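Quick notes on the structure that follows.
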Amino acid sequence: MAREPLFDTLARQHWVVADDLIDPTLHEGLYQDCLQNWDTGNFHEARVGHQHSSSRESEIRGDSICWLTPGQEGSASNEFLLWTDALRQDLNRIFFAGLNSAEFHFARYPEGRGYKKHLDQHRAQPHRRISLVLYLNREWVDTDGGQLCIYSPEDVGRELSRILPRPGRLVLFRSDLIHHEVLPCAKTRWSLTGWFRSDRDYLRL
Numbered sequence: 000m001a002r003e004p005l006f007d008t009l010a011r012q013h014w015v016v017a018d019d020l021i022d023p024t025l026h027e028g029l030y031q032d033c034l035q036n037w038d039t040g041n042f043h044e045a046r047v048g049h050q051h052s053s054s055r056e057s058e059i060r061g062d063s064i065c066w067l068t069p070g071q072e073g074s075a076s077n078e079f080l081l082w083t084d085a086l087r088q089d090l091n092r093i094f095f096a097g098l099n100s101a102e103f104h105f106a107r108y109p110e111g112r113g114y115k116k117h118l119d120q121h122r123a124q125p126h127r128r129i130s131l132v133l134y135l136n137r138e139w140v141d142t143d144g145g146q147l148c149i150y151s152p153e154d155v156g157r158e159l160s161r162i163l164p165r166p167g168r169l170v171l172f173r174s175d176l177i178h179h180e181v182l183p184c185a186k187t188r189w190s191l192t193g194w195f196r197s198d199r200d201y202l203r204l
């Protein structure tokens, strides 16, 4: 999918799926970066809520995460951050979105875990504007589970779509409008998740 139709769909329905935006070589590199960070112990259990009042609630959210940091020259992670910065500029050009920063992390869901329905934009913290998810597993079939459920912004009880986390598939959606859920997976599920933000020089504490 070219970027212009992608933006048209995002504007119309507030979420969009693309299967051909990420180069396969970059996808493989990100998958390897993800595994290496897991093997070296750089992941930690994810928490629920804003950073200053968060808690570990494994029945709500079952993933572990590892934040991406810029400056790792020559790495797939650094290439991805450069790619997303160009995407951020395109989003600003098309939507006048005022996106000034971004944050991204690898995510690992073990077998049987998921993430209950939620909204990415925290209460009284409006800076997350556009959410991004990129699926990293080399293969995935229907019986592996782990689908991303998208709910209607007009009726959060109405499910609109179940998106299978196929290799290289990328999802964008409005952080303030789209409730979503990760269904439990039948095997380990690797992904890269993040947000384009409206604040400047955001520091993750």
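When the count follows numbering that gives the first Met the number 0, it moves up by one through the sequence shown with no breaks and lands on 204 for the last residue.
For each residue, glycine too, the CB sits at the ideal point set by N, CA and C.
All figures in this text were calculated on a predicted structure; none of them were measured in a lab.
Figure out for me which residue from W139, S174, F95, R92 has the closest Cα to the Cα of I149. Within the sequence shown, the letter at position 150 stands for residue 149. It is S174.
So is S125 buried or exposed if we call it buried at 16+ other beta carbons inside 10 Å? Mapped onto the sequence shown, residue 125 falls at position 126. The sequence given here places Pro at residue 125; Ser does not occur at that position. Exposed.
Between P166 and the rest of its own chain, which residues show a CB-CB distance below 7 Å, the 5 nearest in sequence each way excluded? Here residue 166 is taken as the residue at index 167 of the sequence shown, counted from 1. Excluding its 5 nearest sequence neighbours in each direction, P166 has C-beta neighbours in its own chain below 7 Å: H26, Y134, N136, R137, E138, W139, listed in chain order.
Can you give the Cα-Cα distance for G28 and F103, rounded to whole angstroms? As a first step, residue 28 is located in the sequence shown; it is residue number 29 there, counting from the start. As a first step, residue 103 is located in the sequence shown; it is residue number 104 there, counting from the start. Cα-Cα distance, rounded: 16 Å.
Among all the DSSP beta bridges, which residues are the ones paired with L163? Mapped onto the sequence shown, residue 163 falls at position 164. Assignment of beta-bridge partners to L163 by DSSP yields no partner.
Ignore the nearest five residues each way along the sequence and tell me which others in T142's own chain have a CB closer than 8 Å to its CB. Residue mapping note: residue 142 aligns to position 143 of the sequence shown, counting from 1. Residues A185 of the same chain have their beta carbon placed closer than 8 Å to that of T142, with the five preceding and five following residues left out of the count.
Coil, strand or helix - F95 by DSSP: Residue mapping note: residue 95 aligns to position 96 of the sequence shown, counting from 1. F95: coil per DSSP, three-state reduction.
Give the straight-line distance between the Cα atoms of D18 and E58, rounded to the nearest whole angstrom. Within the sequence shown, numbered from 1, the residue matching residue 18 stands at position 19. Within the sequence shown, numbered from 1, the residue matching residue 58 stands at position 59. If you take the alpha carbons of D18 and E58, they lie about 30 Å apart.
Provide the residue(s) that pair with V140 in DSSP beta bridges, ordered along the chain. Numbered from 1 along the sequence shown, position 141 holds the residue referred to as residue 140. Answer is none; V140 lacks a bridge partner.
Mapping DSSP to helix, strand and coil, what is G28? The residue labelled residue 28 in the question sits at position 29 within the sequence shown. Three-state result, G28: helix.
Neighbour-count burial assignment, T192, 16 or more Cβ in a 10 Å radius: Numbered from 1 along the sequence shown, position 193 holds the residue referred to as residue 192. The residue is buried, with at least 16 neighbouring Cβ atoms inside 10 Å.
Tell me whether T192 sits in a helix, a strand or coil according to DSSP, three-state version. Numbered from 1 along the sequence shown, position 193 holds the residue referred to as residue 192. In this structure, T192 counts as strand in the three-state DSSP scheme.
When burial is assigned at 16 or more other CB atoms within 10 Å of the CB, is F42 buried or exposed? Residue 42 sits at position 43 when you count from the first residue of the sequence shown. With a threshold of 16 other beta carbon atoms within 10 Å, F42 meets it and is buried.
What residue range does the alpha helix (DSSP H) around A10 cover? Taking the first residue of the sequence shown as 1, we reach residue 10 at position 11. For A10, the enclosing alpha helix (DSSP H) starts and ends at 2-12.
Under the three-state DSSP convention, the category E110 falls into: Along the sequence shown, read from residue 1 onward, the residue named residue 110 stands at position 111. In the structure shown, the three-state DSSP call for E110 is coil.
Paired residues, beta bridge with V170 - DSSP: Numbered from its first residue, the sequence shown carries residue 170 at position 171. DSSP, once it has assigned bridges, lists V16, V132 as partnering V170.
Do the stretch 0-13 and the stretch 82-99 make contact, defined as three or more Cβ pairs closer than 8 Å? Contact annotation: the stretch 0-13 touches the stretch 82-99, with at least three C-beta pairs closer than 8 Å.
Which residues does DSSP list as the beta-bridge partners of H104? Counting from one through the sequence shown, the residue named residue 104 turns up at place 105. DSSP lists W66, T192 as the beta-bridge partner residues of H104.
Hey, could you find the ends of the beta strand (DSSP E) H179 is sitting in? Within the sequence shown, residue 179 is the residue found at index 180, counting from 1. 179-181 is the extent of the beta strand (DSSP E) around H179.
With respect to the beta strand (DSSP E) encompassing I149, which residues constitute its N-terminal and C-terminal limits? In the sequence shown, counting from the first residue as 1, residue 149 sits at position 150. Unbroken beta strand (DSSP E) run through I149: 147-150.
Do you know whose CA, among Q120, K115, L34, S74, lies nearest W194's CA? By one-based count along the sequence shown, residue 194 stands at place 195. W194 has its Cα closest to that of Q120, out of Q120, K115, L34, S74.
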